[in-house]
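Working notes for the structure below.
Residue numbers (the working numbering): 5 to 310.
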């Protein structure tokens with residue numbers, strides 16, 4: 005018995021080691037691709053952000069100008085700070101809306117009902133439709149482009165004055181009310197961006213043992229109590245995964261105003277140093293936001309509290 009007890013920690017460590025190795029092998033292709041194809045452009049763009057860039061027959065000529073491009077972005081350019089603030093407000097509000105929507109839909113899809121597989125496919129369909137290949141086909145096809153624009157024009161949900169007045173009477177501030185109305189008006193974008201998050205939450209829900217809910221029913225717990233005592237704590241580690249994915253997915257959108265600002269500075273104005281500085285500011289702030297969210301939520305998940 006003593007020998008078996010002494011072997012248990014070693015076995016647990018072996019399992020953890022195997023899982024760690026499996027995880028590193030899984031992300032190894034990305035790490036190699038990042039080191040081979042992305043590190044050099046990142047370093048070059050960082051050098052550009054601290055330089056004045058001129059184009060010559062020999063290529064790009066960089067002359068060091070310290071933090072002038074960053075100073076220009078924050079103090080001289082009239083739009084960058086405003087666009088950056090608006091973009092981060094959208095990231096926070098849309099991420100919160102996506103998490104709530106995807107969790108609710110995942111709970112519904114986890115129920116046993118006829119046609120469940122079809123409904124799951126319907127909710128994952130936007131992920132396929134918004135993939136790079138189909139987006140490229142839609143952009144290069146005039147008919148598909150016109151259909152897409154027509155759908156976007158007619159799919160915006162407008163709240164009636166009665167609903168807005170009810171929300172105002174509820175005590176919501178003007179800023180919060182505007183954000184609520186804005187989120188509801190952009191419900192199509194939220195649904196389109198929630199496919200992966202729904203699958204992640206659904207996977208977590210299916211890993212919860214049914215015996216826990218049976219024990220809760222025997223003890224007299226309501227569905228609401230079971231959700232907060234069983235479901236939510238056990239899927240809480242997946243909140244971090246979905247937050248990180250949602251923030252990065254929003255950051256990668258090419259049609260955002262801040263990305264249009266960076267692209268115009270590079271393509272139209274040919275100011276590569278200034279555009280690199282704006283891109284690095286945006287990138288660093290997004291990484292900081294991900295780090296803050298991870299730090300806050302990682303202390304509240306069940307796995308880290310055990």
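We treat Cβ as the ideally placed atom computed from N, Cα and C, and that holds for glycine.
query: Cα-Cα separation, residue 111 to residue 209; result: 7 Å
query: Three-state class that DSSP yields for residue 60 in the structure shown; result: strand
query: Buried/exposed call for residue 223, threshold 16 Cβ in 10 Å; result: exposed
query: C-alpha distance - residue 298 paired with residue 252, whole-angstrom precision; result: 13 Å
query: Pick from 256, 247, 292 that is closest to residue 104, judged by C-alpha positions; result: 247
query: Which residues DSSP lists as bridging residue 68, in chain order; result: 55
query: Reference residue 192; option with closest CA among 250, 278, 102, 227; result: 102
query: CB contact flag (residue 49, residue 280, <9 Å); result: yes
query: Cβ neighbours of residue 139 in the same chain (closer than 6 Å, five flanking residues each side left out); result: Per-residue confidence for residue 139 stands at a pLDDT of 49, beneath the threshold of 50, marking its modelled position as unreliable; the derived number appears in the next sentence. Closer than 6 Å at the Cβ level, and outside the excluded window around residue 139, lies no residue.
query: Where the alpha helix (DSSP H) through residue 88 begins and ends; result: 84-113
query: Nearest candidate by alpha-carbon position, reference residue 98, set 225, 67, 120, 201; result: 201
query: Coarse secondary structure for residue 229, derived from DSSP in three states; result: helix
query: Classification of residue 77 by the beta-carbon crowding that lies within 10 angstroms, buried from 16 upward; result: buried
query: Alpha helix (DSSP H) segments (min. 4 residues) lying fully within the segment 218-305; result: 227-230, 236-255, 261-271, 276-302
query: Candidates 87, 239, 288, of which the one nearest residue 305 by Cα; result: 239
query: Residues near residue 332 by beta carbon distance below 7 Å, same chain, minus five either side; result: Absent from the model: residue 332. The displayed extent of the chain is 5 to 310, so no value can be given.
query: Run of the alpha helix (DSSP H) containing residue 208, from where it starts to where it stops; result: 199-210
query: C-alpha gap between residue 35 and residue 46, whole angstroms; result: 15 Å
query: Exposed unless 16 or more other CB atoms sit within 10 angstroms - verdict on residue 300; result: exposed
query: Inter-residue Cα distance where the pair is residue 292 and residue 121; result: 38 Å
query: Close Cβ partners of residue 234 (< 8 Å) along its chain, the five nearest in sequence each way excluded; result: 212, 216, 217, 220
query: Helix, strand or coil at residue 213 [DSSP, three-state]; result: coil
query: Cβ pair residue 195, residue 242 closer than 9 Å; result: no
query: Where residue 80 sits in the DSSP three-state scheme; result: helix
query: beta-carbon residue 211 near the ligand SAM non-hydrogen atom, thresh 8 Å; result: In the structure on display, the ligand SAM does not appear, and there are no ligands present to speak of.
query: Residues near residue 250 in its chain [Cβ-Cβ closer than 6 Å; skip 5 each side]; result: 99, 102
query: 8 Å contact criterion, which residue 255 and residue 290 should meet: CB distance rounded; result: 5 Å
query: Test item: CB-CB of residue 229 and residue 87 under 9 Å; result: no
query: Straight-line gap, residue 23 to residue 277 (C-alpha atoms, nearest Å); result: 43 Å
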